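The structure appears below as structure tokens.
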Amino acid sequence: MNSRFKAWRHPLIATLPLLAILAGCTGGDSAKPKTHALATYSSATWEALPAVSDSDLVAGFGSWRSACTRLKADPVWGPTCTAAANVPQSADEIRAFLKQNLDVYGLRAENDNPNGLITGYYEPVYPGSLTPTETANVPVYGVPEDMIIVSLDSIYPELKGKRLRGRLEGRVLKPYDDAATIESKGVNAPVVAYLTDPMNLQFLQIQGSGRIQTQDGKQLRIAYADQNGHPYRPIGRWLVEQGELKKEDVTMGAISNWAKANPSRIPELLGSNPSYVFFTRNPDSNEGPRGSLNVPLTAGYSAAVDRKVIPLGSLLWLSTTRPDGTALVRPVAAQDTGGAIAGEVRADLFWGTGDAAGQLAGDMKQQGQIWMLWPKGAALPQVPQVADTEKK
785 MNSRFKAWRH PLIATLPLLA ILAGCTGGDS AKPKTHALAT YSSATWEALP AVSDSDLVAG
845 FGSWRSACTR LKADPVWGPT CTAAANVPQS ADEIRAFLKQ NLDVYGLRAE NDNPNGLITG
905 YYEPVYPGSL TPTETANVPV YGVPEDMIIV SLDSIYPELK GKRLRGRLEG RVLKPYDDAA
965 TIESKGVNAP VVAYLTDPMN LQFLQIQGSG RIQTQDGKQL RIAYADQNGH PYRPIGRWLV
1025 EQGELKKEDV TMGAISNWAK ANPSRIPELL GSNPSYVFFT RNPDSNEGPR GSLNVPLTAG
1085 YSAAVDRKVI PLGSLLWLST TRPDGTALVR PVAAQDTGGA IAGEVRADLF WGTGDAAGQL
1145 AGDMKQQGQI WMLWPKGAAL PQVPQVADTE KK
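Numbering follows our numbering, in which position 121 of the sequence shown is assigned residue number 905; successive positions increment by one, without gaps.
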């Protein structure tokens, strides 16, 4: 969702090579690698939290409470959500409720480091059409009719949430086409809409949702439906590897400018990212797009997180800066995920819809700290172990 191109926001359910799966099923006495927890939770006091304004407190609490419709049956958050329904929209009342019901835990990375990367994303609006025209001729595909999805946890419970995507060739399941093949040969899939620029399609796939503005002034909202099973590789990284941009200069604007100056190399650029996202039409509304928790996102107060560290539905206390260096401290709700939103102290803040939100999101690449507010008496999340040599 933005110029970060360091983070593909929408749910990328990881795919695993069959050889790796089979290798895990064979015998062997190879030594297990040393591991450490992906993240740790450090108990803190309410007094240790950086101060927030009353307006930010009310807005952040409102964003979190809006997701309680999805959490009422949750054993951890259900009772707190039930109690939250009767809290007035008053900063003093909200503070009292939070202190009475939630404990504070600071997220820590390896070596007890409290700092991590805070980025941003948004819902773009691009010109397009529901039917192909001379200018709008870049198809936005729905889910392919011949793509087969295999849930691996039905056979291997330890692979919960992992899926393979492919296509049958005879009796053999082959990997589904990568992005370069889909772009050059097309795909057996319905067309949701048409865009005017292939770069806009790439940006839309990175953001995971967006709106298409048609010539009659109407807007069509589309959202992530599925993905081709190939890993996401940032196109900004390719530009850096090619010597076209410096790493610190990778932004959506810089990539767009490069594409405008090098139109003949756009297919090469897009082909460097094998991942391809398929979309579905969503009912239009004045609410924000829906995140992984299936509730509308609130501009400035919803965030995508690594659910291995922060369970969806959690209330967070975020302390970072805006791109201009001014302080940004507020409670935010963990309501979304992203394929590259991974790691110990990591969040991707949703900034809203349109160009202004896109500019802010695109420039957001800040250091920050995150505290998780967790129901009193509830067991803390079980964080997975990762190998000491594993890159996060």
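We treat Cβ as the ideally placed atom computed from N, Cα and C, and that holds for glycine. Remember, predicted model here, so these are calculated numbers, not experimental data.
Inter-residue spacing [alpha-carbon to alpha-carbon] between residue i and residue j
i	j	result
residue 1081	residue 902	17 angstroms
residue 948	residue 933	6 angstroms
residue 847	residue 870	15 angstroms
residue 1016	residue 986	12 angstroms
residue 833	residue 1153	10 angstroms
residue 1150	residue 904	9 angstroms
residue 1001	residue 912	11 angstroms
residue 824	residue 1144	30 angstroms
residue 804	residue 883	Residue confidence is low: residue 804 scores 35 on pLDDT, short of 50, so the model does not pin down where it sits. Its coordinate-derived value is still stated next. Spanning the two alpha carbons is a distance of roughly 47 angstroms.
residue 979	residue 926	14 angstroms
residue 1037	residue 1161	47 angstroms
residue 1041	residue 853	43 angstroms
residue 1003	residue 1136	16 angstroms
residue 1113	residue 844	11 angstroms
residue 1163	residue 856	18 angstroms
residue 946	residue 1106	35 angstroms
residue 1055	residue 1010	19 angstroms
residue 990	residue 984	10 angstroms
residue 836	residue 873	16 angstroms
residue 1146	residue 1035	6 angstroms
residue 877	residue 828	21 angstroms
residue 811	residue 1075	Confidence at residue 811 is low in this model, with a pLDDT of 44, below 50, so the placement of that residue is unreliable and no value is reported for it.
residue 896	residue 826	9 angstroms
residue 1025	residue 1045	18 angstroms
residue 1111	residue 1070	29 angstroms
residue 957	residue 935	13 angstroms
residue 879	residue 885	10 angstroms
residue 1140	residue 1032	22 angstroms
residue 964	residue 938	31 angstroms
Contact under 8 angstroms by Cβ, residue i with residue j
i	j	result
residue 1043	residue 1029	no
residue 1077	residue 868	no
residue 962	residue 922	no
residue 994	residue 1085	no
residue 928	residue 1062	yes
residue 1097	residue 858	yes
residue 1115	residue 841	yes
residue 1072	residue 1087	no
residue 830	residue 1159	no
residue 1092	residue 975	no
residue 1122	residue 900	no
residue 1019	residue 1006	no
residue 940	residue 1142	no
Option in the options with minimal Cα separation from residue i
i	options	result
residue 1021	1165, 1057, 849, 1088	1057
residue 1013	991, 1059, 999	1059
residue 1089	1050, 1109, 1129	1129
residue 1049	1067, 1038, 1072, 1023	1023
residue 1104	1117, 1120, 1131	1131
residue 930	1122, 959, 1127	959
residue 863	877, 872, 881, 873	881
residue 783	1079, 957, 839	Since the displayed the chain opens at 785 and closes at 1176, residue 783 lies outside it and no answer follows.
residue 1120	1032, 992, 996	992
residue 977	996, 826, 1025	996
residue 1064	973, 1140, 1134	973
residue 915	1069, 998, 865	998
residue 970	924, 988, 957, 1134	924
Rounded Cβ spacing between residue i and residue j (contact assumed at less than 8 angstroms)
i	j	result
residue 1156	residue 1094	6 angstroms
residue 1118	residue 1102	About 10 angstroms separates the two Cβ atoms, so there is no contact after all.
residue 838	residue 875	4 angstroms
residue 967	residue 1051	7 angstroms
Given 8 angstroms as the limit, is there contact between the segment 952-971 and the segment 883-891, that is, 3 or more CB pairs closer than that? Counting Cβ pairs under 8 angstroms, fewer than three are found: no touch.
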